[in-house]
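Data first, discussion second: the structure below is written as structure tokens.
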Amino acid sequence: MNQSSNTAENIDMTVVSTTEPTVAGPVMKKKDLIEAVGQKVDMKKPDVKNAVEAVLEVLGAAIANGQEVNLPPLGRLVAKRTKTGANATVMTLRLRQAKGVAEKAPEKPKGKGKKALAGQGEDS
Numbered sequence: 034m035n036q037s038s039n040t041a042e043n044i045d046m047t048v049v050s051t052t053e054p055t056v057a058g059p060v061m062k063k064k065d066l067i068e069a070v071g072q073k074v075d076m077k078k079p080d081v082k083n084a085v086e087a088v089l090e091v092l093g094a095a096i097a098n099g100q101e102v103n104l105p106p107l108g109r110l111v112a113k114r115t116k117t118g119a120n121a122t123v124m125t126l127r128l129r130q131a132k133g134v135a136e137k138a139p140e141k142p143k144g145k146g147k148k149a150l151a152g153q154g155e156d157s
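In my numbering, the protein residues as written are 34 to 157.
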């Protein structure tokens, strides 16, 4: 009887646990961000677009320069690792966000830029 084949037959090959690959959720693109911001503020869409693009440009430059970005309620964003490739720079970022921020549902506006005529508790 061959000793090596006997050893291989006695090995338990049961898988105890498996890891499921994590699938990223839906992607928010710049167009989606502009639309969402436009619903929250009383500004024309071109003005919202200019403001959002300016903010993204400033944030991108700050992160690329190694600056820590602390913007509540978004949170604190820090670049941990940077790798420069032929076509792009890849950064590993850490975002620390206060508890409860992710659970808050976005507020829906109660009209398109319209303000209530009567205050809370007053008859309309």
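Quick reminder that beta carbons are idealized off the backbone N, C-alpha and C, glycines included. These numbers were taken from a predicted model, which means no experiment stands behind them.
Task: Touching by the beta-carbon criterion (3+ pairs, under 8 Å), the region 63-79 and the region 99-111 - done: They do not touch, by the three-pair rule.
Task: Beta-carbon proximity check, residue 66 vs residue 91, cutoff 8 Å - done: Not closer than 8 Å, so no.
Task: residue 122 and residue 113 closer than 8 Å at C-beta - done: The answer is no: Cβ separation not under 8 Å.
Open item on the list: With the cut-off set at 8 Å, would you say residue 101 and residue 88 are in Cβ contact?
Closed with: No, these two residues do not count as a Cβ contact at 8 Å.
Open item on the list: Let's test the definition: count the other Cβ atoms within 10 Å of the Cβ of residue 71 and tell me whether it reaches 16, buried, or not, exposed.
Closed with: Only buried fits residue 71, as 16 or more other CB atoms lie within 10 angstroms of its CB.
Task: Three-state secondary structure (DSSP) of residue 69 - done: Correct three-state label for residue 69: helix.
Task: residue 81, buried or exposed, once every other Cβ within 10 Å from all chains shown has been counted against 16 - done: Around the CB of residue 81, 16 or more other CB atoms lie within 10 Å, so the residue is classed as buried.
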